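Per the UniProt record's numbering, the sequence shown runs over residues 1 to 382. The structure appears below as structure tokens.
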Amino acid sequence: MKLFVTILTVMAVGFVGLVATIFASLSRNAEFYSAFVPAVTVGIIITIILAIYGKLKEKIPKVSMLIFAILAVLSVSAFEGYQAYLHSLEVVSSQDVDLSEYRPFIDGSKAVRLDEDSTFKIEDNLPSLDGATALYPVYAAFAQAVYPEKEYDLYNSEVVSSQTSHAFDRLVKGEVDIVFMAHPSEKQMKGAERNGVELSLTPIGREAFVFFVHNNNSVEELTVEQIQRIYSGKITNWKEVGGTDEEIRAFQRPEGSGSQSALISVMDGIPLMDAPSEDIVSAMGGIIKETTNYRNRTNAIGFSFRHFSQEMVHDGKIKNIAVEGVLPTKENIQNESYPIVDQFYAITAGSENPHVEAFIKWMQSDQGQKIVDLTGYVPLTE
Numbered sequence: 001m002k003l004f005v006t007i008l009t010v011m012a013v014g015f016v017g018l019v020a021t022i023f024a025s026l027s028r029n030a031e032f033y034s035a036f037v038p039a040v041t042v043g044i045i046i047t048i049i050l051a052i053y054g055k056l057k058e059k060i061p062k063v064s065m066l067i068f069a070i071l072a073v074l075s076v077s078a079f080e081g082y083q084a085y086l087h088s089l090e091v092v093s094s095q096d097v098d099l100s101e102y103r104p105f106i107d108g109s110k111a112v113r114l115d116e117d118s119t120f121k122i123e124d125n126l127p128s129l130d131g132a133t134a135l136y137p138v139y140a141a142f143a144q145a146v147y148p149e150k151e152y153d154l155y156n157s158e159v160v161s162s163q164t165s166h167a168f169d170r171l172v173k174g175e176v177d178i179v180f181m182a183h184p185s186e187k188q189m190k191g192a193e194r195n196g197v198e199l200s201l202t203p204i205g206r207e208a209f210v211f212f213v214h215n216n217n218s219v220e221e222l223t224v225e226q227i228q229r230i231y232s233g234k235i236t237n238w239k240e241v242g243g244t245d246e247e248i249r250a251f252q253r254p255e256g257s258g259s260q261s262a263l264i265s266v267m268d269g270i271p272l273m274d275a276p277s278e279d280i281v282s283a284m285g286g287i288i289k290e291t292t293n294y295r296n297r298t299n300a301i302g303f304s305f306r307h308f309s310q311e312m313v314h315d316g317k318i319k320n321i322a323v324e325g326v327l328p329t330k331e332n333i334q335n336e337s338y339p340i341v342d343q344f345y346a347i348t349a350g351s352e353n354p355h356v357e358a359f360i361k362w363m364q365s366d367q368g369q370k371i372v373d374l375t376g377y378v379p380l381t382e
């Protein structure tokens, strides 16, 4: 009878363990839990068998199982604690800004408002807008000044944000009228040309491309050449640029993002080293490599557009690095003493919407440029 109960129990627990292992292998932390769950399953089976045959009353099996249970709990606690620590270090990622707070016309919208009526209005046949995450606050404010008051869903309306690479793809396919982003990468420009799409780029503001480090990093400035050597893998230790003896952890952004395209421009043809990455489980169950978000360790360096990093700078988590001895302040962006300044654009691809041309012209007007300035970017002219 005990043998029959043992077999049924092993089969039942083993089946549950198998199902749990499958789910674990599809989780974000599959590497840990796909090994942990089978180990715990085996431990539970052994414990049940010992209990069925009355062996758990003996001291050695009882102590052994107790130690096993304690180790299992400590393992999960240590792993989850470490994951929480890593998550706490992610201070610059695609999830840092809640764009829904900038939607036009919502109560308490963070999108800036003019202190006067807009000199340009569109009542119908609204141009569809999309663009980079960091620029959504700008063009959401444009829409708030010019478009009729109604709900503009972040993902399904005339004013959305699908991030740089996807927004550009939508523009090339004719799914959107205007895209707001930094200058497209060479790869994006060639892709548009292959598809027979002629792009029109109209500058509407200026922004600095910045590099930042942990606030406790002793390095205060880098030259463009040093940045190129860091991101090409030639400089690997902070002591080589006047810092402490720590290996440099140089984070990058996903390919096709606006900031990664800007980094490629800074590299000026010098090949980038491989980006730090981590295994991520895809929706289809396969393992893919995903560029790791910036984690604010003392040996880290990351990059972004200035506006996107300012909140973290103010919180004292990171500090912007001076490049060629010049900090990326609004004044230094305007006078171009900071060496890595670029314009950002309203980009079209032959839109047939009759309002597009006049709308973009208004963006370059005093009112449009005031919105750029109030949002935290640098207008084309003071």
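Beta carbons: idealized from backbone N, C-alpha and C, even for Gly. Values in this document were obtained by computation on a predicted structure and should not be read as measured data.
- For the set Asn195, Asn215 and Ser232, the Cα lying nearest the Cα of Asn296 is the one of Asn215.
- With 16 or more neighbouring CB atoms inside 10 Å of its own CB, Tyr338 falls in the buried class.
- The alpha-carbon of His166 is positioned some 21 angstroms away from that of Phe142.
- Counting the other Cβ atoms within 10 Å of the Cβ of Gly174 gives fewer than 16, which makes it exposed.
- Under the DSSP assignment, Pro203 falls in the beta strand (DSSP E) whose first and last residues are Ser200 to His214.
- Given a length threshold of 4 residues, each whole run of the alpha helix (DSSP H) inside the stretch 291-345 is given here in chain order: 306-314 and 330-334.
- With the rule of 3 Cβ pairs closer than 8 angstroms, the stretch 5-17 counts as touching the stretch 34-45.
- Rounded to whole angstroms, the gap between the alpha carbons of Lys59 and Leu66 is 11 angstroms.
- When the alpha-carbon of Val266 is set against those of Met189, Asp107 and Val341, the nearest one is in Val341.
- With fewer than 16 other CB atoms across the displayed protein chains lying within 10 angstroms of its CB, Phe23 is exposed.
- By the C-beta criterion, the stretch 196-207 is judged to be in contact with the stretch 343-355, since at least 3 inter-stretch pairs fall below 8 angstroms.
- For the options Ala30, Glu255, Val213 and Tyr377, the alpha carbon positioned closest to that of Glu80 is the one of Ala30.
- In the three-state DSSP reduction, Leu154 falls in the coil class, being neither helix nor strand.
- In the DSSP assignment, Met273 falls outside any alpha helix (DSSP H) and carries neither an H nor an E.
- Runs of the alpha helix (DSSP H) spanning 4 or more residues and lying entirely within the stretch 158-194 occur at 164-172 and 186-194, in chain order.
- The way I'd put it, the stretch 170-188 doesn't touch the stretch 327-335; fewer than three beta-carbon pairs between them come closer than 8 angstroms.
- Counting other Cβ atoms within 10 Å of its Cβ, Arg113 stays below 16 and is therefore classed as exposed.
- Assigned with DSSP and collapsed to three states, Glu221 falls in strand.
- Annotation: the continuous beta strand (DSSP E) that includes Leu129 extends over Leu129 to Gly131.
- Asp130 is not a Cβ neighbour of Val73, given a cutoff of 7 angstroms.
- Closest in C-alpha terms to Asn217, from the list Ala51, Asn320, Ile70 and Leu99, comes Asn320.
- DSSP places Thr348 in the strand class (E or B) of the three-state scheme.
- Inclusion of Phe305 and Ala134 in the CB contact set at 7 angstroms is warranted, their separation being smaller than that value.
- When the Cα atoms are used, Val10 and Lys55 turn out to be separated by approximately 17 angstroms.
- In this structure, DSSP gives Val138 a helical state, which the three-state scheme calls helix.
- In this chain, Asp124 is not harboured by any alpha helix (DSSP H), its DSSP state being neither H nor E.
- Secondary structure note for Gly43: its alpha helix (DSSP H) is the uninterrupted segment Ala30 to Ile52.
- For Thr375, the enclosing alpha helix (DSSP H) begins and ends at Asp366 to Thr375.
- In this structure, Asp366 is the residue among Trp238, Gly376, Asp366 and Gly233 with its C-alpha nearest to the C-alpha of Thr119.
- Taking a C-beta distance under 7 angstroms as the contact criterion, Glu207 and Phe344 qualify as a contact pair.
- Assigned with DSSP and collapsed to three states, Ala111 falls in coil, not helix or strand.
- In the same chain as Gly376, and ignoring 5 residues on each side of it, the C-beta atoms closer than 6 angstroms to its own belong to His307, in chain order.
- Judged by their CB atoms, Phe212 and Ile318 are nearer to each other than the 7 angstroms cut-off.
- Ranked by Cα distance from Ile45, the options Phe36, Tyr231, Tyr102 and Thr6 are led by Thr6.
- Considering only Lys234, Gly243 and Leu50, the residue with the shortest C-alpha distance to Glu221 is Gly243.
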